[in-house]
Amino acid sequence: MSKEYSGIEDRQSYVSTSGKNWEIVVMDFVNDYFSKNSIPLNVIRGRGLKNKHKELWNNLAIPVKDGKVEGDVDLVVVHTEKPHIPLAVISCKTSLHGRFSETLFYAVVWKQMIPKIVVVFATPDKGRQSKKQWQSEWGTQEKPTKDRALAEKYLDGVYIRHDSSSYGGKIKKLEELPSDLKKMLIG
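In the working numbering, the protein residues as written are 203 to 389.
Here you go:
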């Protein structure tokens with residue numbers, strides 16, 4: 203059953219709110235794991251990074267002709283002793299519609315700028331919007347969607363919260379994200 207909107211502004215407001223809420227869910231989940239397991243990592247929201255964490259923002263900003271621009275940073279993972287150095291970016295999207303290519307672009311750019319950075323994607327996998335019956339946006343390992351194939355090539359992982367998604371390769375359950383970040387970032 204799809205949500206009905208009273209207009210474009212209503213839909214945009216809903217999408218913005220659900221995206222922000224998803225970021226907070228992921229951030230709190232990962233930070234809770236780090237805290238309970240005494241792991242010296244911390245997840246910070248990207249919103250307001252330029253004002254609150256200027257040096258961290260500067261390290262993630264994309265160089266352009268006349269300065270730097272902000273990349274699509276939903277969440278950033280830092281070591282608690284070096285909070286100005288970005289170790290990972292977690293791109294949080296409630297659906298792939300229109301924004302996944304942006305995540306892939308920034309992943310490629312950040313990996314050129316910061317060779318050891320980890321870039322992952324977290325999603326609830328709302329499914330393909332045009333299908334009458336729920337169908338994963340990611341396909342399967344045997345029949346991957348274009349997005350799955352691109353994620354396998356350019357991202358360090360995709361973490362999904364949906365029981366019916368097909369896992370394998372870099373496509374994993376959201377529950378694996380905190381321990382995978384620990385392994386990738388501090389061993």
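Cβ atoms here follow ideal geometry from the backbone N, Cα and C, with glycine treated the same way.
Quick caveat: nothing in here was measured; it's all calculated off a predicted structure.
Under 9 Å between C-beta atoms of residue i and residue j
i	j	result
P288	L243	no
R350	I316	no
V228	L383	no
P380	V232	yes
Proximal residues to residue i (C-beta, below 6 Å), its chain only, five neighbours per side dropped
i	result
A171	No statement about residue 171 is possible, as the shown extent of the chain runs from 203 to 389 and does not include it.
V320	A290, D358 and M386
E211	Only weak support exists for where E211 lies, its pLDDT of 49 falling under 50; the value from the coordinates is given anyway. Correct list: empty, nothing qualifies.
E304	D274
Three-state class that DSSP yields for residue i in the structure shown
i	result
R301	coil
Y361	strand
R350	helix
N239	coil
I316	coil
A324	strand
Span of the beta strand (DSSP E), counted from its first residue to its last, around residue i
i	result
S293	K284 to C294
L277	L277 to H281
K384	Looking at the DSSP string, K384 is not in any beta strand (DSSP E); the run it does join, the alpha helix (DSSP H), is L379 to I388.
Beta-carbon separation (whole angstroms), residue i vs residue j, contact threshold 8 Å
i	j	result
G273	I264	5 Å
S149	S338	The first residue shown for the chain is 203 and the last is 389, placing residue 149 beyond what the model contains.
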